[in-house]
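Q: Starting off with a structure, shown below.
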Amino acid sequence: MEEKRNKTPKTSLRLNKFIANAGICSRREADTLIAEGEVKVNGEVVTALGAQVSPTDVVTYKGKRIYPEKPVYVLLNKPKDFITTTDDPLERKTVMNLVKSAGKERLFPVGRLDRNTTGLLLFTNDGELAAKLSHPSNKIKKIYQVTLDKPLTRGDEETILAGFELEDGAVQVDDMQVLSKDRRILGLEIHIGRNRIVRRIFAHFGYEVTALDRVMYAGLTKKDIKRGDYRFLTEKEVVNLKYFK
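Each residue of the sequence shown is one higher than the one before, starting from 679 at the first, in the working numbering.
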């Protein structure tokens with residue numbers, strides 16, 4: 679009986695979860711790829727959304743075989759002068775250079791920080807979690823330390839906290855605190871994920887952001903991570919990210 683039990687094949691896996699575990703996309707997005715005939719199993723196009731695959735099956739996407747990887751979660755304290763992209767044709771420094779020693783898995787950044795913005799940036803090969811954290815409906819909390827080129831007036835402070843309009847829609851910050859006596863350093867809590875939104879908020883009122891540092895992302899902080907260094911998330915942190923309400 680023991681010998682027979684050891685020879686039992688590993689449990690099969692739904693095809694959409696296999697694709698998500700390979701870091702391609704979320705399970706929901708994988709269903710779309712499957713339905714559109716973009717995925718092959720053992721050389722045959724599979725369009726059934728409930729299809730199962732075994733560890734010995736050959737799954738291909740865009741002509742290349744994909745493999746489910748051990749999920750990896752890395753938190754970087756990003757320095758300035760690194761761009762958030764997995765590849766750059768101009769051969770500029772990218773954030774991938776900073777996490778290349780984290781393992782052989784194919785990691786990608788969740789969201790973006792522009793070249794001159796520092797602070798927390800999460801990397802993973804978990805496509806499903808990345809999609810969850812990036813979706814606007816989940817309202818992921820981010821806290822920034824913002825340094826302005828001149829003092830923030832009390833009138834502008836009140837207007838920002840009350841909410842206002844930019845050219846691409848309404849802006850509602852969750853909280854803002856003045857941190858320095860000269861009113862140039864602020865703490866800003868926001869869940870909006872639009873491109874360069876923090877810099878655009880203050881530019882709208884005539885300020886230039888001279889330094890921008892993300893100090894909290896989805897409950898994760900920079901504690902014990904030096905600038906340019908990274909750490910792996912704990913099991914508890916991963917669970918919190920996956921099951922937050």
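A virtual CB, placed ideally from N, CA and C, is assigned to each residue, including glycine. Because the structure is a prediction, the values reported are computed rather than measured.
#1: For the beta strand (DSSP E) that contains residue 889, what are its first and last residues?
#2: Taking DSSP's pairing of strands, which residues face residue 756 in a bridge?
#3: State the beta-bridge partners of residue 865 as determined by DSSP.
#4: With DSSP collapsed to three states, give me the class of residue 848.
#5: Pick out whichever of 859, 789, 805 has its Cα sitting closest to the Cα of residue 705.
#6: Residue 829 to residue 867, Cα distance in whole Å?
#7: Could you give the DSSP three-state label for residue 810: helix, strand or coil?
#8: For the alpha helix (DSSP H) containing residue 877, name the first residue and the last one.
#9: Candidates 755, 769, 717: which alpha carbon is nearest residue 791's?
#10: Would you call residue 827 buried or exposed, if buried means 16 or more other Cβ atoms sit within 10 Å of its Cβ?
#11: Tell me whether residue 791 sits in a helix, a strand or coil according to DSSP, three-state version.
#12: Which same chain residues, not among the five before or five after residue 761, have their C-beta less than 6 Å away from its C-beta?
#13: Any chance the segment 739–746 sits against the segment 892–912, with 3 or more Cβ pairs inside 8 Å?
#14: Does DSSP put residue 761 in a helix, in a strand, or in coil?
#15: Suppose only complete runs of 4+ residues qualify. What are the alpha helix (DSSP H) ranges in the segment 701–771, listed by chain order?
#16: For residue 780, I'd like the list of residues in its chain whose CB is within less than 6 Å of its CB, leaving aside the five on either flank, ordered along the chain.
#17: Apart from the five residues on each side of it in sequence, which residues of its chain come closer than 6 Å, Cβ to Cβ, to residue 774?
#18: What's the gap between the Cα of residue 696 and the Cα of residue 838?
#19: Since I believe residue 785 is in contact with residue 801 (beta carbons under 8 Å), could you give me their beta-carbon distance rounded to a whole number of angstroms?
#20: Within 10 angstroms of its Cβ, does residue 892 collect 16 or more other Cβ (buried), or is it exposed?
#21: DSSP puts residue 898 in a beta bridge; with which residues?
#22: Assuming contact is defined by CB atoms lying nearer than 9 Å, are residue 821 and residue 871 in contact in what I supplied?
A: In short:
#1: 887–895
#2: Bridge partners of residue 756: 797.
#3: 823, 855
#4: strand
#5: 805
#6: 19 Å
#7: helix
#8: 875–882
#9: 755
#10: exposed
#11: coil
#12: Cβ neighbours of residue 761 beyond the five flanking positions: 770, 772, 793.
#13: no
#14: DSSP, reduced to helix, strand and coil, places residue 761 within a strand of the structure shown.
#15: Complete alpha helix (DSSP H) runs here, min 4: 705–713.
#16: 752
#17: 764
#18: Using only the alpha carbons, I get a separation of about 44 Å.
#19: 4 Å
#20: buried
#21: 895
#22: no
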